[in-house]
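Here is the structure we will look at.
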Amino acid sequence: MMAGVRVNGDPATWNENTSRGVSRESPWTALWRARELVGYFALKDLRLRYRQAALGVVWVLAQPIASVTVFTLVFSRLAGVSSQGIPYPLFALVGMVTWTYFSSTVVSASTVLASNVNLVTKVYFPRIAAPASSLLPPGVDLGVSLLLVGVLATYYGIFAGVRLLLVPAWLLMLVLTAAGVALWVSALNVRYRDVQHAVTPLLQLWLFASPVAYGTGSLTGWQQAVYALNPMVGPIEFGRFALTGTPWPGWSLAVSAASAAVVLVTGIRYFGRAQRSFADVI
Numbered sequence: 001m002m003a004g005v006r007v008n009g010d011p012a013t014w015n016e017n018t019s020r021g022v023s024r025e026s027p028w029t030a031l032w033r034a035r036e037l038v039g040y041f042a043l044k045d046l047r048l049r050y051r052q053a054a055l056g057v058v059w060v061l062a063q064p065i066a067s068v069t070v071f072t073l074v075f076s077r078l079a080g081v082s083s084q085g086i087p088y089p090l091f092a093l094v095g096m097v098t099w100t101y102f103s104s105t106v107v108s109a110s111t112v113l114a115s116n117v118n119l120v121t122k123v124y125f126p127r128i129a130a131p132a133s134s135l136l137p138p139g140v141d142l143g144v145s146l147l148l149v150g151v152l153a154t155y156y157g158i159f160a161g162v163r164l165l166l167v168p169a170w171l172l173m174l175v176l177t178a179a180g181v182a183l184w185v186s187a188l189n190v191r192y193r194d195v196q197h198a199v200t201p202l203l204q205l206w207l208f209a210s211p212v213a214y215g216t217g218s219l220t221g222w223q224q225a226v227y228a229l230n231p232m233v234g235p236i237e238f239g240r241f242a243l244t245g246t247p248w249p250g251w252s253l254a255v256s257a258a259s260a261a262v263v264l265v266t267g268i269r270y271f272g273r274a275q276r277s278f279a280d281v282i
């Protein structure tokens, strides 16, 4: 076990499945006990990501800038997509940085268990700590990207005012939405290794099925309700409201949040059942 990482906790909390890293604790208690291991996984990922990267955080900004440029040319100038009363580049940038955090978390979580076979098979720790660690490194990139959002908003003279107080609530919603999907893909990839290959193309399709480059204003009634079942509708629309002052998303935010909650709850339950066999099938 890594020096200084306390993951076992009170031996009384571990049952006969201790050798498989399965505990009777709630997921939240297990995460708290394994917080140092979560940090270890996250730091390892950050070091691998930026090792020998000469341009460092420049690459963090390159993807949203390039995507926003393309979206502006295609969706704004050619298709005339509405940007809900704010300049389109800022509209698309908020959507893109929100999506980038989500997709980066899911991609990382899809391989975090399979790439740490020795830990999973030989070390006793709450398995949920591995996918949970995938939530942290993209947060660093998100922080850098939000600085770019602030610069662009200042350039356009856009200020959300007191709505900025909702940014922590938006971040929590985004993290929990990403966590639900991360738990699913991390557990599924242990048993079905082709999941990691399917994640990227599926995320690309999901990107265009989400309001990253366009808004939901053109949808009404049952169409809007069905569209809001997409868990990422809420974080993207809520992020625009909190950061740039676009109109309140309305009841579609509640529908999307409920959908994300279902994904999170079922993800926790599936992960809890699946982790019992991780050491056998990984």
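Per full-length UniProt numbering, the very first residue in the sequence shown carries number 1; after that it's consecutive. The C-beta atom is built at its ideal place from N, Cα and C for all residues, glycine as well.
Nearest to SER115 by C-alpha distance, out of TYR156, SER186, TYR88, is SER186.
Straight-line spacing of the CA atoms in TYR124 and VAL199 works out to 28 Å.
Taking a C-beta distance under 7 Å as the contact criterion, SER134 and PRO64 do not qualify as a contact pair. Between PHE75 and TYR214, the C-beta spacing is below 7 Å. Between the alpha carbons of PHE241 and ALA169 lies a gap of roughly 12 Å. Secondary structure at SER83: coil, using DSSP grouped into helix, strand and coil.
Of LEU61, ASP194, VAL162, the smallest CA-CA separation from THR100 is found for LEU61.
Sequence-distant Cβ neighbours of LEU46 in its own chain, meaning closer than 6 Å and more than five residues away, are PRO137. Every alpha helix (DSSP H) stretch that sits fully inside the segment 85-165 and reaches 4 residues is listed by chain position as 88-112, 117-122, 129-133, 137-156. With respect to PHE278, VAL181 sits apart: the two C-beta atoms are not nearer than 7 Å.
ARG127 is classed as buried because its beta carbon has at least 16 other beta carbons within 10 Å across all chains shown. Inter-residue distance for SER104 and VAL175 is about 12 Å (C-alpha atoms, whole angstroms).
With fewer than 16 other CB atoms across the displayed protein chains lying within 10 angstroms of its CB, ALA209 is exposed.
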